[in-house]
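Chains as they are written, first to last, in this note's numbering: chain A, 1 to 428; chain B, 1 to 428; chain C, 1 to 156; chain D, 1 to 156.
Even for Gly, the Cβ is constructed at its ideal location relative to N, Cα and C.
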Ligand SMILES: Cc1ncc(COP(=O)(O)O)c(C=O)c1O
Ligand SMILES: Cc1ncc(COP(=O)(O)O)c(C=O)c1O
């Protein structure tokens, strides 16, 4: 890849990066798009889009099952992304990477294949109060099917995982610890390595499943250093196409797991009576995979690699600190839900404007071309804990500028003007 | 859509169509690509590719959960494909269409959600000998999990489903009839409406699941007229992107089915203790879907609609008849496995060259830029029935020309020359 | 009023800031909850029917300005009207907002006419309709309870 | 010989058309099946080891010309050699074909040198190696059976 945005130093060249993202030129409601909904999905660099076009215009073929040139090339390129992703997240081997549709399917794969085979009545599944539904509902279903119990590790006032509670609540009955690396509402980062240490000590038979949907796009990831057993991601949140996710799993666990979906490509030999399974990772990739998008995702990983994940993290710490400082200073009617300490948080910022429903905030911002998200962000239980019916969420990425934070602030000033009388009332 | 290839008459304007498929200009091993591997995956018109590019360069956003303009537009366009597809296959309502990754996942959805809840020990699951692994292995797993038995309807010498056997073998214990509409090896078309009639009469409690992976791209489909209960397709075989499939299911059945995958977007309300499910189709679409590709698939459906599926079918009957006549006339060393009657077959042609392994045939053809497939085409059991270790498979689509059949024939002449001595021996 | 966004007209903001009939009806015949999971709108409508006429109706909960304003307008519109006219109101508002279905020409929407601003905004149509659809459900429920009570009387 | 495709050299076609040592070894010490599910190659190698030397080795099954020619070459190369040299042959052919791993400089590949044509053709590398890898497995199996027999002797 030759990206114009590569820099040797720690600072991203944001204007150069922005030139790689054609959508940032879009005019929304008469204004240049200010895209602050990156926790929902990121925008895409032309390098990824070009890879898709190149694939469909000159390389398209089904993989794995044919010797013709197009098919052999497509197979190689598909497997190349597996290698890139393994390197990107520090996986010991590409065979431990399974492509899925998204994080949700990756978690379902673990819950269904490992969970239903290994979780028994009376076992405990431990999660946190901050889980996204995708790393929560599948485990509720495992608990229902097996008779296991559910435990939720509490978060503190700063939105941080309470490690004392982890010490107290992870125990010999614990069979699964399923935990979000970075909260998609609070932006806070869970101390995974520490949780793994506690789990290994207190519950040696338990697996630690990490939902990396929000962390992999924004933090340097090394699954070997984290020490966890499974790690799930979504390509669409990290400059990649929609329709691709991945599960990394420890080889010994994956090799012992029964298939998840079944059909073509995941079998060894099939007879009318019975079937043998292919080795990993094929065993878990039934049917024609999302070939084009997996190949294009390779270009996204190249792009992030070229920037350097340290530089990405550095940029996001800066813009998040600027955003928190600016919004707190200029908008006293705002409530925030997590610590400001960018050592332990990323660029997802949830907030509320006193007495104004998040939907109205996002509506008024949208009128100015500013895209934020309003709602419960697939985290209903967390919102109960926060005592908020819903929240506004602004979330940053590599192409966001401090000027866009300023635009957000101006937009909030409009909200404050329109809803001045409601805001003036005490908190409802 | 404005395609240059629209014609009011019954004949496709193949040269005009070819101009819409940029990959057909590709040079493979010094020769212009002759793509005859359409049963594996089809090539893509620029209209589909353009839709992808347009989405990522100016419309990309996550759907369903936000009110900002990009997200609202993406949601509308995603749902528009659901409507188009419902119309395309004659589904009574778009809500009965569930987007999956591919046919394989669609069948897994039915097998897992309906099958595990409704199939019991002693019930029979009836398939055919011609099933693709994707409509076979998931049912083997249901049988294993539930104690049901497996029955395979035989095919006759012409590769046609034996209806007498269906009368004899579908009975009161039958709970599932899973059947491929068009064989991906033989090209033969199963009489679905007749199978449905027999099933309703003999086994009123059974569902009929149709694997439409090979039929939807090539035949006019009307699921209401077929009378089946579920119908599965893959977009990548019908001019669409990889990573999208769909399941159509009867509303009353879908509404009574438990979720398949779980996570974001498929829930009603989630608490720490339990969860309610969203109505169909959302209940079956967990997590961020393959938004871009579903939207782009809409362009593929538009393209096929503009051609007219009757015209598509007409073209394929013609080119298939020409291919069978040409190959039989010029290549006496070839064995075929199915009837030549294009009334009951489509454009998938399996064959073998006496004493030459299919892999070698495909290798030599590939040297001339001709892409066919060699192997067992994810139908191991069928190959046992055919008495073939593997087969060569040429398969046609809207852009194939009779000149390409001639090129195939010339390529086979080279095979015959290279392997002359082996071919001269009696059949091994 | 916002210059940029026509949604936030004074009349809507006024209803939002000064809610009418917010709370729960004591001894309600029917109470229904309307939920819009995508944005978190969550409204409860309670109603008491006296001799076929809506004797009390209130709404409660938290939702966006459009939803809450619409809920207040709804209670003002249907209070003291026969349940049949309340149903006609629901249909008429639905037709005004979505352009689909029949409206009752006899009904003058009055303040509720402002809800038309959500036209062509699918994500906001749900908000504007939430209280009305929930009222509709509550009236159906009240009627069902009533008819069951009558059947029970008849049986006795 | 094909002018277009270097894979089908006369030497490969010759081995394909006139297979050597095709069949099953009577009273084999080990028989292993090698399978290439993507293209349907399916070969069985049977071997008899006498005093640490390969006394008989045969292959059977159906596969592509490269696979079958390679299988014939394999049997010719290792027949009557010590199992250790047979292992060295497997390593050397693997290195020649894939460019990875160590080769034994003492080995002259002879006819099997023709298998290098699959270099850079991942889909065909598997074909060319199938018989060799299957032999490797069979030798491992034979050794395991042998050592178990010895242990059993010791126990008795
Ligand atoms: C008849 C048939 N069924 C099912 C499939 C599986 O489709 P997919 O691999 O897209 O899931 C295929 C194609 O591979 C097929 O031809
Ligand atoms: C923390 C977290 N986990 C899981 C998910 C689910 O990701 P996806 O919808 O791509 O499956 C998301 C994003 O929606 C997320 O933010």
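Between residue 36 of chain B and residue 370 of chain B, the C-beta gap is smaller than 8 Å, which places the two residues in contact. Shortest gap from the CB of residue 245 of chain A to any heavy atom of ligand 2: under 7 Å. Interface criterion not met: the Cβ of residue 371 of chain B is under 8 Å from no Cβ in chain D. Looking at the backbone, the Cα of residue 89 of chain C and that of residue 49 of chain C are separated by about 16 Å. Neighbours of residue 267 of chain A in chain B, taken as residues whose beta carbon is under 7 Å from its own, are 133 and 137 in chain order. A check of alpha carbon separations from residue 91 of chain B across B:71, B:231 and B:407 identifies B:231 as the nearest. Looking at the backbone, the Cα of residue 121 of chain C and that of residue 298 of chain A are separated by about 37 Å. Rounded to whole angstroms, the gap between the alpha carbons of residue 16 of chain C and residue 105 of chain B is 47 Å. In this structure, residue 134 of chain A has its beta carbon less than 7 Å from a heavy atom of ligand 2. Residue pairing of residue 392 of chain A in beta bridges, as defined by DSSP: A:351 and A:374. Under the Cβ distance rule, residue 282 of chain B does not count among the residues neighbouring chain A, no pair being separated by less than 8 Å. Counted as a single uninterrupted DSSP element, the alpha helix (DSSP H) harbouring residue 143 of chain A occupies residues 137-146. For residue 125 of chain D against residue 118 of chain D, the beta-carbon gap comes to about 5 Å, under 8 Å, which counts as contact.
Relative to ligand 2, residue 380 of chain A has its C-beta separated by 7 Å or more from all heavy atoms. Taking all protein chains in view, the Cβ of residue 33 of chain B is crowded by 16 or more other Cβ atoms within 10 Å, so the residue is classified as buried. Separation of the CB atoms of residue 139 of chain C and residue 86 of chain C is rounded to 6 Å, and the pair is thereby assigned contact status at 8 Å. Contact with chain A is absent for residue 115 of chain C, since none of that chain's Cβ atoms lies less than 8 Å from the residue's Cβ.
DSSP places residue 89 of chain D outside any beta strand (DSSP E); the residue lies instead in the alpha helix (DSSP H), whose first and last residues are 83-98. Residue 114 of chain D sits in a helix when the DSSP states are folded into three classes.
Neighbours of residue 360 of chain B in chain D, taken as residues at a C-beta separation under 7 Å, are given in chain order as 64 and 65. Membership of residue 111 of chain B in any alpha helix (DSSP H) is not indicated, and neither H nor E is assigned to it by DSSP. Among the residues of chain C, those whose CB is under 7 Å from the CB of residue 389 of chain A are 40, 42 and 62, following chain order.
Residue 143 of chain C and residue 46 of chain C have their alpha carbons spaced roughly 13 Å apart.
Contact of residue 47 of chain A with chain B is not assigned, every C-beta pair being separated by 8 Å or more. No Cβ-Cβ contact shorter than 8 Å links residue 246 of chain B with residue 23 of chain B. Residue 255 of chain B sits away from residue 221 of chain B, with the two beta carbons spaced by 8 Å or more.
According to DSSP, residue pairing for residue 232 of chain A in a beta bridge involves A:211 and A:247.
Taking a Cβ-Cβ threshold of 8 Å, the residues of chain D close to residue 72 of chain A are 121, 122 and 123, in chain order. The beta carbon of residue 54 of chain C lies closer than 7 Å to those of 47, 78, 79, 80, 81, 83 and 86 in the same chain, with the five residues before and after it left out.
Just measuring C-alpha positions, the residue of C:12, C:94 and C:56 sitting nearest residue 28 of chain C is C:56. DSSP places residue 184 of chain A in the coil class of the three-state scheme, outside both helix and strand. In this structure, DSSP gives residue 50 of chain B a helical state, which the three-state scheme calls helix. DSSP, read as helix, strand or coil, puts residue 242 of chain B in coil.
A check of alpha carbon separations from residue 165 of chain B across B:180, B:136, B:139 and B:195 identifies B:195 as the nearest.
Inclusion of residue 286 of chain A and residue 264 of chain A in the CB contact set at 8 Å is warranted, their separation being smaller than that value. In the same chain as residue 379 of chain A, and ignoring 5 residues on each side of it, the C-beta atoms closer than 6 Å to its own belong to 132 and 185, in chain order.
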